[in-house]
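Worksheet: the structure to be examined is printed underneath.
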Amino acid sequence: MTLTRELLKQLPKAELHVHLDGCIRPQTMLDLAPQFGVSLPADDADALALAMCVRNAKNLEEYLERYEFTLAVMQSREAMERIAYEFAIDTAAENTRYVEVRYCPALHTPGLSLAEAIEAPIEGFTRARTETGIEIGIIICGLRTLPPSTSYDMAKAAVDYQSEGVVAFDLAGAELGHPAKDHVRAFDHALGNGLAITCHAGEGWGPESVWQAINDCRTQRIGHGTRVLEDAALEAYIIENRLPLEVCLTSNVHTNAVASVAEHPIRRYFDKDCVVTLSTDSRLMDNITLTDEYWAAHTELGFTREEIDQLIINSFESAFLPDDRKTALVADVRQELKRVQ
Ligand SMILES: [Zn+2]
Numbered sequence: 208m209t210l211t212r213e214l215l216k217q218l219p220k221a222e223l224h225v226h227l228d229g230c231i232r233p234q235t236m237l238d239l240a241p242q243f244g245v246s247l248p249a250d251d252a253d254a255l256a257l258a259m260c261v262r263n264a265k266n267l268e269e270y271l272e273r274y275e276f277t278l279a280v281m282q283s284r285e286a287m288e289r290i291a292y293e294f295a296i297d298t299a300a301e302n303t304r305y306v307e308v309r310y311c312p313a314l315h316t317p318g319l320s321l322a323e324a325i326e327a328p329i330e331g332f333t334r335a336r337t338e339t340g341i342e343i344g345i346i347i348c349g350l351r352t353l354p355p356s357t358s359y360d361m362a363k364a365a366v367d368y369q370s371e372g373v374v375a376f377d378l379a380g381a382e383l384g385h386p387a388k389d390h391v392r393a394f395d396h397a398l399g400n401g402l403a404i405t406c407h408a409g410e411g412w413g414p415e416s417v418w419q420a421i422n423d424c425r426t427q428r429i430g431h432g433t434r435v436l437e438d439a440a441l442e443a444y445i446i447e448n449r450l451p452l453e454v455c456l457t458s459n460v461h462t463n464a465v466a467s468v469a470e471h472p473i474r475r476y477f478d479k480d481c482v483v484t485l486s487t488d489s490r491l492m493d494n495i496t497l498t499d500e501y502w503a504a505h506t507e508l509g510f511t512r513e514e515i516d517q518l519i520i521n522s523f524e525s526a527f528l529p530d531d532r533k534t535a536l537v538a539d540v541r542q543e544l545k546r547v548q
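Whatever position you read off the sequence shown (first residue = 1), add 207 for our numbering.
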């Protein structure tokens with residue numbers, strides 16, 4: 208059996224770590240830029256795709272600067288609805304059945320009210336779900352670089368929209384010098400009101416950041432966790448407690464968290480029986496699809512078809528879905544993985 212990129216595209220997939228403001232179609236940015244008075248670094252879609260892709264960033268902070276362009280065109284209800292819809296359509300087009308997409312609504316105010324910043328994407332997701340059947344969970348983010356009171360407001364908003372598709376709370380943004388433990392009140396509120404918790408950690412900062420996410424924020428998954436291997440006790444804890452890692456291979460190269468995909472510790476984590484999953488982080492800034500990430504795992508890290516099936520199952524099993532829905536979804540996916548050869 209030969210594993211091809213096309214076959215990987217056909218496999219049913221789930222994605223757990225992707226930023227809405229990192230996934231705008233270049234043409235949509237061009238369409239929206241004039242109405243917001245935004246000057247973009249290129250004026251046709253192909254050139255803009257290249258200009259928005261961050262290669263050779265020195266660190267996470269430099270990588271995050273590209274988001275200023277996308278956020279600038281995400282400041283109206285119509286723009287947010289369209290971007291959410293197109294994101295879900297593009298995701299469904301590569302056979303992704305379930306996606307958890309995250310963003311920080313505070314970054315879309317005052318262009319929108321906080322309520323609109325949550326409701327407009329929900330409308331877009333609902334439209335895409337009706338057309339394609341893709342299931343979508345929303346993760347609301349606080350940002351490490353914004354005041355803890357803002358994170359708390361985001362957690363409260365996340366809880367308010369729990370019945371409309373918000374599944375979890377996350378903390379994103381520049382990691383170094385901005386400890387997660389300062390935002391514990393937000394995590395406590397989300398967790399105390401039935402939401403799930405994930406937290407970016409171990410990407411721009413080392414093991415201490417991941418320990419804070421676990422011990423202070425009580426996270427149920429780790430966003431990235433790239434640097435977990437620097438602390439043997441931490442690695443053992445994560446393996447023993449089956450804490451899933453949301454791994455984003457290409458993004459980690461682009462933020463300089465690892466030197467190359469081939470050197471990414473996902474191979475080591477997987478071989479040690481850690482629950483690793485694959486996601487894109489950002490389709491635009493990393494110029495990739497989820498299929499590309501599976502292809503990179505195969506070509507650069509030697510993941511076999513059997514191992515790729517395991518990565519896919521890991522993603523579905525780590526989803527923030529009710530247990531009964533998850534069990535049904537995993538059973539369907541296992542059948543389909545057997546069929547698609
Ligand atoms: Zn991320």
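Just so you know, even glycine gets a beta-carbon here, dropped at the ideal spot from N, CA and C.
Query	Result
For the stretch 525–532 and the stretch 285–301, state whether three or more C-beta atom pairs, one from each stretch, are separated by less than 8 Å.	no
Look at the alpha carbon of residue 519 and the alpha carbon of residue 290, and state the distance between them as a whole number of angstroms.	26 Å
Based on the DSSP secondary-structure assignment, which residues constitute the bridge partners of residue 310?	347
What does a CB cutoff of less than 7 Å around residue 483 pick up in its chain, not counting 5 residues either side in sequence?	452, 454, 473, 476, 477, 518, 521
Give the secondary structure of residue 220 by DSSP, where H, G and I count as helix, E and B as strand, and everything else as coil.	strand
Once the 5 residues before and after residue 342 are set aside, which same chain residues still bring their CB inside 6 Å of it?	305
Going along the chain, which unbroken runs of the beta strand (DSSP E) with 3 or more residues stay wholly within the stretch 372–410?	373–379, 403–408
Kindly identify the DSSP beta-bridge partner or partners of residue 488.	225
Which of the three DSSP states, helix, strand or coil, is assigned to residue 471?	coil
In whole angstroms, give me the CA-to-CA distance for residue 493 and residue 468.	13 Å
Taking residue 537 as the reference, give the member of 219, 360, 212, 210 with the closest Cα.	219
Have a look at residue 515 and residue 374 and give me their C-alpha separation to the nearest angstrom.	26 Å
Who are the near neighbours of residue 417 in its chain, counting only those whose CB is closer than 7 Å to its CB and skipping five residues on each side?	408, 409, 429, 432, 435, 441
When you get a sec, list the residues whose CB is within less than 6 Å of any heavy atom of ligand 1, chain order please.	224, 226, 379, 407, 430, 488
Taking residue 453 as part of the beta strand (DSSP E), name the residues at either end of that continuous run.	452–454
In the DSSP assignment, find the unbroken alpha helix (DSSP H) run with residue 315 in it and report its ends.	Taken as a continuous stretch (DSSP letters only), residue 315 belongs to no alpha helix (DSSP H), as it is neither H nor E.
Whose CA, out of 228, 217, 280, lies closest to the CA of residue 177?	Residue 177 cannot be examined here, being either before or after the span of the chain that is shown, 208 to 548.
Tell me where the alpha helix (DSSP H) around residue 541 begins and ends.	530–546
Is residue 320 buried or exposed, if buried means 16 or more other CB atoms sit within 10 Å of its CB?	exposed
Rounding to the nearest angstrom, what Cα-Cα distance links residue 458 and residue 470 in this structure?	13 Å
By Cβ distance, which residues of its chain are closer than 6 Å to residue 490, with the 5 residues on each side in sequence left out?	230
Starting from the C-beta of residue 623, find all residues in its chain whose C-beta is less than 6 Å away, skip the five residues before and the five after it, and write them out in chain order.	A query on residue 623 cannot be resolved here, the shown segment of the chain reaching from 208 to 548 and no further.
I'd like to know whether the C-beta atoms of residue 249 and residue 258 end up nearer to each other than 8 Å.	yes
Can you look up residue 262 in the DSSP assignment and give me helix, strand or coil?	coil
Please state the DSSP three-state secondary structure of residue 305.	strand
Less than 8 Å between the CB atoms is what I'm expecting for residue 318 and residue 352, so what's the real figure, rounded?	So it is not a contact: roughly 19 Å between Cβ atoms.
Please tell me whether residue 411 and residue 382 are closer than 8 Å, where the distance is taken between their beta carbons.	yes
Could you spell out the range, first to last residue, of the beta strand (DSSP E) harbouring residue 432?	First-last for residue 432: undefined, no H or E at that position.
For a cutoff of 8 Å on Cβ pairs, would you count residue 503 as touching chain D?	Among the protein chains of the structure shown there is no chain D, as only one such chain exists.
Using CA atoms only, rank isn't needed, just tell me which of 548, 507, 547, 462 is closest to residue 261.	462
Measuring only the C-alpha atoms, how far is residue 324 from residue 546?	41 Å
Between the C-alpha atoms of residue 256 and residue 488, what's the straight-line distance to the nearest angstrom?	16 Å
Which residues in the same chain as residue 336 place their Cβ atom closer than 8 Å to its Cβ, once the five residues preceding and following it in sequence are excluded?	295, 342, 343
Give me the residue from 427, 301, 509, 283 with the minimum Cα distance to residue 210.	509
Go ahead and pull the three-state DSSP assignment for residue 280.	coil
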